[in-house]
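Taking UniProt numbering, the leading residue of the sequence shown gets 1, the next gets one more, and so forth. For every residue, glycine included, the Cβ atom is placed at its ideal position computed from N, Cα and C. Keep in mind it's a predicted model, so treat the numbers as computed, not measured. I have placed the structure first, in the form of structure tokens, so that the comments after it can refer back to it.
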Amino acid sequence: MLRLESHSSFLPINYSCCALYHILCEISTQLHTTYHFRMSGLEVIGGISAIITLLDASIKVYDNARNDMKLPETFESVRRRLPVILHILQTCENDLEPGKDSMPSDVCKALEKILDACDEKARKLREIFEMTIPGEKDTWEKRYAKVIRRLGKGNKVEELMATLTEDVQLLVNNHAVKSASPEDNAELKKILKEMETINNSTPEEEHSALAFHSGGGAQTNNVNSGSGQQINNNAHVGTQYFHSVTLRQKKDFSFRGPVGILRGQAPYIASELFVGRGYELDEITKVLHLDHKTQKQRRLVLGGMGGIGKTQLAIAYAESGRGSYSSVFWINAVSEAGLKDSFRSIASLIFDVEEPGVLEDKEIVRRVHQWLCTPQNTGWLLIFDNYDDPSQFRIDHYYPPPSHGAIVVTSRRPDLVAGTPLHIKPFQNIEDSLAILQTRSKRKNIQSDPHAKRLAERLAGLPLALATAGTYLHLSTFTFERYFQEYEKRWNINPRRPQQLQEYQERTLYTTWDLSYSRLKKEAPDAANLLKLLAYFDNQSLWYELFYAGLTSSSPEWLREVITDDVKFDGVMGILAEYYFLDVHQTLKSWSMHNCVHDWTLAALNKDIDANHYWYVFDCITASINDDNADDFANLSYSPLATHATRLVQQRFYQNEVIYNIAPHQLHQASLIANLLREQVLLLAAEQMYQRALAGYEKALGADHTSTLETVRNLGILYRGQGKLDQAEQMYQRALAGCEKTLGADHTSTLETIRNLGILYRGQGKLDRAEQMYQRAIAGYEKALGVDHTSTLNTVDNLGVLYWNQGKLDQAEQMYQRALAGREKARGADHTSTLSTIDNLGLLYQDQGKLDQAEQMHQRALAGREKALGADHTLTINTVHNLGILYWNQGKLDQAEQMHHRALAGREKALGADHTSTLKTVNNLGILYRNQGKLDQAEQMYQRALAGYEKALGADHTSTLYTVHNLGTLYRNQGKLDQAEQMYQRALAGCEKALGADHTSTLETVHNLGILYQDQGKLDQAEQMYQRALAGCEKALGADHTSTLETVHNLGILYQDQGKLDQAEQMHQRALAGREKRNTAT
């Protein structure tokens, strides 16, 4: 007999698989006739398992054909009785398992002969089924006759079934086995009697045919809609004993048919409330798909953090009909007591309950398992829900032993559960999150509500958080915006009456992670302490070096033990990942935490803010940066560090005065953090840090100390970047007054403030005042530092930019040439500051129409920067960007597009997709696409730039307004004149507020509104706009500036349309004369 070795500690041996099936098919005959082994108890069980495999294969062959063929009555009787034999053999196998290692050799020898006989008949029976039932050649009668002739006398199916039954009788009633119950023996006798009386299977009519039919027969897939005893999900955890189950017939545990879906007290989920999860349902279906080639119990473990929707997903799968299960049971696995209650309820549903007959303790589980083991009962699904604490009990002790059926376990610790794991993640598609908010809140059109989208993004796809928000809003008058604001302030908006969601049972958003944290504190105290500390960091990127950088001798002992050794740190973070508090990113060597879990760590674990934790994070950040690399703060590599810095200005931390008030020795580091935040365009956070640093300096050093004044000036730079030009001017004026008082009018710090004021005035459109500041700064620098000092040359360069803005292109060129010569002398031709002036000269030549010279400048700047800084440096990318503009001006649109795409890719890589420099390139790509006639692509670029600017700088920032203006121009080109007018009006109102009515940017919008009104036929309004733009340009830029002349030209066209031909001629003559004059000058 073929010797089989078991590798399973759970089932005695389960060779119900495709591989064993083929082995038995191909070599068992040779082994039976050639070799003889002395069997052990283990091999006895293996032999039984092999027979089960052969019989099960016969059943599958028959079942695969029964829906399409009307099979012979004798074959049908054998098929109907085979599951009984299977069940009796499986019981025998299970009963022998505990004593397999101590089975006497004489018993093994006696059983070996019986098993050999059983195996031979089972093999022949399978062969008959395989050779007779399927096939296209000859009739089944002929195929059957051929097999019988080859096998010999005594091998008809009814004869094989009878002798097989007799062998099984001998096996299960052996004195050393005795696994057969009286009911089993009665069933075996029935089979023998039936095989004696059944019709002869040898066909009497040579040409009888099989009839085909399209129906599948009656189905027994009845769904229970809720009747029957319910599973007690809230069972008392302390009890460890079963109550009795009274059965109608004490020993009637036979399988009477499937029972459908029995949900017990599984949470009810209305179909409209279950959203998305198509991918996960498909993956579950793949894992649990029944493979007829491999007889194996399918097991799936749904793992994920609390509130991710594991229970809902498992129930949705069961109700979807994807698995075609005949029986589905939901089992409460929160505790062992709850699980036993679930089995008790299952027993009361699948067995009759009424008259005396009692089952206690393990007998209930055994009887339910026996019911599930019934060979004809293979289409069942068990859902073990919320097995979140594997330390309480082993769930696999409650798995039924057969090699069929399907099991799903939901757990927060899938790493401790055997089965195919499927990690359930938050919703990745924002539309799914919005769908939950809409179905829960019952509000309409939330897809178009930006505040709803912002809330959905903040809750980061966590179903429990989204459902909680939606349910609250359904019962509230709050808008999505108000809810978002309150959530940010207090997280738990209504602590007295937290939102109870039926499908999440007793777990709320505010308590769902408490259970895991309680276990964590017991099992891994260091991990629990670290989790509490993580509330003070940002949650998106956590890496070892960051934590190590802030470690000092005064750090708590537990923290030093965890952080000092990177292996220990990795292990502790791994524990947090096992508990689903963290996600690991192996390629990045970092970890992250879900937004809502992070919110919980602060609100629930840090009700009392720990100042030591806060200052440790502060030290981690400041130790990771220094003054030497301040020029690189804008690079993308500093973005993760900057996000951690934003956490330092979290409002809840300010409740602690020890935190808000920065100690004198930490003020420099605070200013450094503020600079980092400013360069990363996290302007609101930067402002708060500057304000704290300023307050600290004023208190420690006084209002006129140089460090105080430097912080004031930095605040001015920040306000200028925010578009708060009036506040910026106030800061600069205060810094200037303080520097003049403390250091004198000619001190370099005073002069730097003057230069900054010049930059501000230029941005405000106060060009004359800007020129005064620059001239004063240049004179001061020349006196204090010399004409060739870098600070002098920087200001000369700034003055060149101003002249360029004023349209004084000749004077601008003189300034650039002076700056270039000075920098080449002082720093060399390839120095980055020299290359900056060369690049600026290229831009000037573009405006002068000297496009060939402009290209030479840009190419030289590009080559120099690529050599000195690399192809991906932000300054290199700036030149690429400028080259794109040049090519556009030259009409080389394809090359322009290539440059812009390179600039975009470079800035996205170096600065991030949402950085203002990146958005500038996006905006310019929109302009390029508009000029290429690719209006849809242009609109996409403008919309992206607009959304980015609004997020980074605010709706009223000048960069935002410029993009709004460009969108208006695009809409005008598309013929969407009403939308164009809305954009222009928004841009005009914003520019008037931010820059003033006479600023050149304001005037440009006025001019374009005139063009739009002209297109709309509103000629009087158009004239008003043109006249206003003309007066403003003449005042700000002069009568001969290109912008002035363009307005004159358009006014001439308008007069033509109005029939004012004399006035039109005057305008055209003036425009022509002005252009000729400019051309002559250049």
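For the alpha helix (DSSP H) assignment, the uninterrupted runs of no fewer than 4 residues enclosed by the UniProt domain "NB-ARC" (289-416) are, from N- to C-terminal side, 310-320, 336-350, 362-373. Restricting attention to V880, T53, H87, D746, the CA atom closest to the CA of K783 is found in D746. In this structure, L530 is the residue among L530, V796, Y781, S179 with its C-alpha nearest to the C-alpha of L602. When rounded, the separation of the alpha-carbon atoms in E363 and W330 is 20 Å. Comparing alpha carbon positions, the residue from Y548, L851, A938, Q90 closest to N882 is L851. Secondary structure of S592 (DSSP, three-state): strand. Our two residues, D538 and Y614, have alpha carbons roughly 12 Å apart in a direct line. Residue L886 holds the alpha-carbon nearest to the alpha-carbon of Q853 among N756, L1054, L886, N174. The continuous alpha helix (DSSP H) containing H965 extends over residues 958-974.
Measuring C-alpha to C-alpha distances from G1010 to each of Y984, E992, C991, K993 identifies Y984 as the nearest. When Cβ pairs closer than 8 Å are counted between the two stretches, the segment 382-395 is seen to touch the segment 310-320, the count reaching three or more. Assignment of V787 by DSSP, reduced to helix, strand and coil, places it in the coil class.
With a cut-off of 8 Å on Cβ pairs, the segment 776-795 is in contact with the segment 748-767, counting three or more such pairs. Boundaries of the alpha helix (DSSP H) around L1054: 1042-1058. In the structure shown, G260 falls within a strand segment according to DSSP collapsed to helix, strand and coil.
By DSSP's assignment, V584 forms a beta bridge with W591. G884 is a Cβ neighbour of A903, given a cutoff of 8 Å. Of all alpha-carbon atoms in Q370, V408, G990, A469, the one lying nearest the alpha-carbon of S181 is that of Q370. Between the segment 560-573 and the segment 667-678 there are fewer than three inter-stretch CB-CB distances shorter than 8 Å, so the stretches are not counted as touching.
Put simply, the backbone Cα of P463 is about 41 Å away from that of E981. Secondary structure note for H87: its alpha helix (DSSP H) is the uninterrupted segment 73-96.
DSSP, reduced to helix, strand and coil, places L605 outside both helices and strands of the structure shown, so it counts as coil.
With a contact defined as Cβ atoms closer than 8 Å, S58 and L82 qualify at about 6 Å. With respect to the C-alpha of A418, the residue from L869, H404, G154, G303 having the closest C-alpha is G303. Boundaries of the alpha helix (DSSP H) harbouring L760: 748-764, taken from the DSSP string. Here T420 carries a strand assignment [DSSP, helix/strand/coil].
Listed in chain order, the alpha helix (DSSP H) runs fully inside the UniProt repeat "TPR" (709-742) are 725-742, counting runs of at least 4 residues. Assignment of L466 by DSSP, reduced to helix, strand and coil, places it in the helix class.
Residues of the same chain with a CB within less than 7 Å of the CB of H789, apart from the 5 flanking positions on each side, are Y781 in chain order.
The three-state secondary structure of L55, taken from DSSP, is helix. CA-CA distance, P421 to Q297, rounds to 15 Å. N635 counts as buried, since at least 16 other C-beta atoms from the protein chains shown sit within 10 angstroms of its C-beta. One Cα belongs to L709, the other to G996, and the distance between them is close to 28 Å. Going by beta carbons, A938 and L961 fall outside the 8 Å limit. The DSSP-derived three-state label of L904 is helix. In the three-state reduction of the DSSP assignment, L542 falls in the strand class.
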